[in-house]
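To convert, note that position 129 of the sequence shown is 128 in numbering that gives the first Met the number 0; the numbers rise steadily by one, no gaps. Glycine is no exception: its CB is placed at the ideal position from the N, C-alpha and C atoms.
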Amino acid sequence: MDNVTTHQAEEDARNERVRIWINGTLKPRAEAMVSVFDSGFMLGDGIWEGLRLYEGRWTFLDEHLDRLFEAALAIDLDIGMSRAELTEALFETQRANGMHTDAHCRLMVTRGVKSRPFQHPALSRQGPTVVILMEHSRPSIPRPIRLATVPHQRGLPMTQDPKLNSHSKLNCILACIAAEKAGADEALMLDVHGFVNTTNACNFFIVRKGEVWTSTGDYCMNGITRQKVIDLCRANDIPVHERNYSLVDTYGADEAFLTGTFGAQTPVGEIDGRVIGGGEMGPVTKRLRALYKELVTP
Ligand SMILES: Cc1ncc(COP(=O)(O)O)c(C=O)c1O
């Protein structure tokens, strides 16, 4: 079976011609480059957000900016731009690319160019590197995702807080590689206690007897889509629990799905070789997808 990723999109030739915003200048894709001395390239020292454009609106922009500025505070990085300036740069890039809907943006801020090739943040003296990279993007995932559990954990906050959307994604990447080698598409990661937590790139939910369960949120990204799904459940009388649960609960679930800005809600068909429910998108996932679509395209 061909491998599928949660961030698979339809081919779009326009993406060869996108212009990318780098520190105030719009560059054609082939010329959009950062220095080999950049803190992000050299050390993964940076933060980012993934945003989506639906019908002329950057969905949940405030929440994304809140999370970005919070991450900057956490890593003691001065973005050097206000929320209004960043928003204007986002709109400028959108206009330059003639985008109205179905676009994805990766907004990245690193500690900038270093004076010498070493770790100390004091060597990053030139100010941050800010990049706004947009693509025309319609998610196209041909079948439910297959997950495999992996030995890589979602760690405690004092090592590298899993809530931080940092450029250093090696833990998640290693998890994804392990899952692929096990014949799955992506990784299902456990927390330090062995409870089911999240996947390497998305938040994770199960449905059992009409109830929606997700992890307590302690060891995973504080996903904006995750929170919106929880809010939608509450607003629509769908029982929802943020709780600890194990693989036993998960293999026996009626449905499982992932959440993330890119794919909204993505069905999971198989975990560790066990088919989940009927292996296809279930009715609760379908309902939540419809409710979410209404929310993002009013
Ligand atoms: C590890 C991880 N989990 C979950 C998510 C989904 O978060 P959101 O719903 O805010 O896109 C992301 C996205 O950045 C992520 O990197």
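Whose CA, out of the options, lies closest to the CA of residue i?
i: Ile21; options: Glu15, Leu52 and Ala88; result: Ala88
i: Gln299; options: Glu185, His119, Met157 and Gly45; result: Nothing about residue 299 can be reported from this structure: the residues present for the chain run from 0 to 297 only.
i: Phe194; options: Cys201, Leu173, Thr148 and Val211; result: Thr148
i: Lys113; options: Ala121, Leu106 and Met107; result: Ala121
i: Ala73; options: Val129, Leu85, Asp44 and Thr100; result: Asp44
i: Ala31; options: Ile19, Leu42, Leu106 and Met41; result: Ile19
i: Phe36; options: Ser123, Met220 and Arg66; result: Ser123
i: Phe261; options: Arg13, Phe59 and Gly97; result: Phe59
i: Arg13; options: Ala102, Arg225 and Trp212; result: Ala102
i: Met157; options: Thr86, Leu290, Ile140 and Val191; result: Val191
i: Gly49; options: Glu62, Gly55 and Met41; result: Glu62
i: His166; options: Met41, Pro238, Glu69 and Lys180; result: Met41
i: Ala289; options: Thr249, Glu269 and Lys227; result: Lys227
i: Gly222; options: Leu25, Leu52 and Arg66; result: Arg66
i: Leu368; options: Ala200, Asn96 and Val295; result: The question about residue 368 has no answer here: the residues shown for the chain are numbered 0 through 297.
i: Tyr244; options: Asp1, Lys168 and Asn196; result: Asn196
i: Gly281; options: Val33, Pro116 and Arg207; result: Arg207
i: Gly23; options: His151, Thr249, Leu294 and Ile131; result: Ile131
Label residue i either buried or exposed according to how many other C-beta atoms from any shown protein chain fall within 10 Å of its C-beta, with 16 as the threshold for buried.
i: Arg137; result: exposed
i: Gln264; result: buried
i: Ala234; result: exposed
i: Asn202; result: buried
i: Ser214; result: buried
i: Gln118; result: exposed
i: Phe90; result: exposed
i: Glu241; result: exposed
i: Gly277; result: exposed
i: Arg145; result: buried
i: Pro266; result: buried
i: Leu155; result: exposed
Taking Cβ positions, are residue i and residue j nearer each other than 8 Å?
i: Gly39; j: Thr109; result: yes
i: Glu9; j: Arg28; result: no
i: Gly209; j: Val283; result: yes
i: Arg82; j: Leu64; result: yes
i: Cys232; j: Val211; result: yes
i: Asn170; j: Met220; result: no
i: Met188; j: Arg153; result: yes
i: Ala252; j: Ile205; result: yes
i: Tyr218; j: Pro143; result: no
i: Thr198; j: Arg225; result: no
i: Leu76; j: Ile46; result: yes
i: Val3; j: Ile140; result: yes
i: Phe111; j: Thr92; result: It should be pointed out that residue 111 corresponds to Gly in this sequence rather than to Phe. Cβ atoms of Gly111 and Thr92: not closer than 8 Å.
i: Gly272; j: Glu279; result: no
i: Met133; j: Cys104; result: yes
i: Gly55; j: Thr5; result: no
i: Ala255; j: Ile237; result: no
i: Tyr53; j: Thr296; result: yes
Starting from residue i, follow the beta strand (DSSP E) in both directions and report where the run begins and ends.
i: Val211; result: Glu210 to Thr213
i: Glu241; result: Val239 to Glu241
i: Thr197; result: Val195 to Thr198
i: Lys113; result: Unbroken run through Lys113: none, as it is neither H nor E.
i: Phe68; result: Element bounds for Phe68: not the beta strand (DSSP E) but the alpha helix (DSSP H), Leu60 to Ala73.
i: Ile205; result: Asn202 to Arg207
i: Tyr291; result: That residue, Tyr291, is in no beta strand (DSSP E); its alpha helix (DSSP H) goes Pro282 to Val295.
i: Met220; result: Unbroken run through Met220: none, as it is neither H nor E.
i: Thr128; result: Thr128 to His135
i: Glu254; result: Glu254 to Gly259
i: Arg145; result: Ile144 to Thr148
i: His103; result: Ala102 to Thr109
i: Lys26; result: Thr24 to Pro27
i: Ile270; result: Ala263 to Ile270
i: Arg51; result: Gly45 to Tyr53
i: Ile21; result: Arg18 to Ile21
i: Glu185; result: Glu185 to Leu189
The alpha helix (DSSP H) that contains residue i, what's its start and end?
i: Gly39; result: Ser38 to Leu42
i: Thr86; result: Arg82 to Ala95
i: Cys171; result: Leu169 to Lys180
i: Phe224; result: Phe is not the amino acid found at residue 224; the sequence shown has Thr there. Its alpha helix (DSSP H) spans residues Ile223 to Ala234.
i: Val247; result: Leu246 to Tyr250
i: Pro156; result: Pro156 to Gln159
Shorter than 7 Å, the distance from the beta carbon of residue i to the closest heavy atom of ligand 2, or not?
i: Gly49; result: This structure lacks ligand 2; its bound ligands are ligand 1.
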